[in-house]
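Some notes on the structure that comes next.
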Amino acid sequence: MSLPSAPAPSDESASIAAPGKGVPVERYNLDAGARALGPGVEPSFTFVRDEIQYQSYPGVMRGGAGAYTSGAANSFDRALLLAELLKRKGIAVRFALGHLPRAEAERLFEHLFDRPATKLGAMPTSGAAAASDPSDIVSRVRA
Numbered sequence: 520m521s522l523p524s525a526p527a528p529s530d531e532s533a534s535i536a537a538p539g540k541g542v543p544v545e546r547y548n549l550d551a552g553a554r555a556l557g558p559g560v561e562p563s564f565t566f567v568r569d570e571i572q573y574q575s576y577p578g579v580m581r582g583g584a585g586a587y588t589s590g591a592a593n594s595f596d597r598a599l600l601l602a603e604l605l606k607r608k609g610i611a612v613r614f615a616l617g618h619l620p621r622a623e624a625e626r627l628f629e630h631l632f633d634r635p636a637t638k639l640g641a642m643p644t645s646g647a648a649a650a651s652d653p654s655d656i657v658s659r660v661r662a
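Terminal number for the sequence shown in this note's numbering: 662, no gaps in between.
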């Protein structure tokens, strides 16, 4: 199950005056979002993987709640969000840290920019800001 997308505001001043009006509570409330995803690990994992855009920044910046409300986070904050969702379902969570073999890391890196950016603040994947040569790491990072 996927959470509903936030509706486009028809009157920006009205949305500022009444925050949350017309926006499903699951869109901004982590407890409600966890309930809406349903039981088990898979729905939460799928949500974080598919709906929380990856952003590259060092360390923990947003935490689980910040990653949830912004819709984008680095791997640390995405892991914290998944942990928060699972804890709210009564599922025990622990963190493990490891290193990928170079070949696996390179394979995953090639797919880092595959998904189109749909969330506010997400990295663009097309247009002027996108890298013209996907194999050129320098142009990809500078974009």
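We treat Cβ as the ideally placed atom computed from N, Cα and C, and that holds for glycine.
From A591 to E629, what distance separates their C-alpha atoms? By 1-based counting over the sequence shown, the position of residue 591 is 72. By 1-based counting over the sequence shown, the position of residue 629 is 110. One C-alpha to the other measures close to 19 Å.
What did DSSP end up calling A592 once you bin it into helix, strand or coil? One-based indexing of the sequence shown puts residue 592 at position 73. In this structure, A592 counts as strand in the three-state DSSP scheme.
Kindly indicate which three-state DSSP category Y587 falls into: helix, strand or coil? Start at 1 with the first residue of the sequence shown, and residue 587 comes out as number 68. Helix at Y587.
Length-filtered (4 minimum) alpha helix (DSSP H) runs lying within the segment 541-582: 549-556 and 560-570
Classify L599 as helix, strand or coil using the three-state DSSP reduction. If you number the sequence shown from 1, residue 599 lands on position 80. L599: helix per DSSP, three-state reduction.
State the DSSP-derived secondary structure class of A615, mapped to helix, strand or coil. For the purposes of this step, residue 615 is taken as residue 96 along the sequence shown, with counting starting at 1. Coil.
When you compare the segment 538-557 with the segment 572-582, are there three or more beta-carbon pairs, one atom per stretch, that lie closer than 8 Å? no
By alpha-carbon positions, which one of G559, G541 and L549 ends up nearest to K608? In the sequence shown, counting from the first residue as 1, residue 608 sits at position 89. Of G559, G541 and L549, the residue nearest in Cα terms is G559.
Considering only residues of the same chain and omitting the five flanking positions on each side of V612, which have a CB-CB separation below 7 Å? Walking along the sequence shown from the start, residue 612 turns up at place 93. Hits under 7 Å: A602, L605 and K606.
Pick out whichever of T588, G582, T565 and Y587 has its Cα sitting closest to the Cα of D596. The sequence position of residue 596 within the sequence shown is 77, counting from 1. Looking at the Cα atoms, G582 is the closest of the given residues.
Alpha helix (DSSP H) segment containing L627, residue limits: Translated into positions along the sequence shown, residue 627 becomes position 108. That run of the alpha helix (DSSP H) goes R621 to E629.
Three-state secondary structure (DSSP) at K608? Walking along the sequence shown from the start, residue 608 turns up at place 89. Coil.
Taking a contact to mean a Cβ-Cβ separation below 9 Å, would you say L619 touches Y587 in this structure? Along the sequence shown, read from residue 1 onward, the residue named residue 619 stands at position 100. Along the sequence shown, read from residue 1 onward, the residue named residue 587 stands at position 68. Result no, Cβ atoms of L619 and Y587 do not sit closer than 9 Å.
Straight-line Cα distance separating G541 from F564: Here residue 564 refers to the residue found at position 45 when the sequence shown is read from its first residue. Here residue 541 refers to the residue found at position 22 when the sequence shown is read from its first residue. Taking the straight line from one Cα to the other gives about 27 Å.
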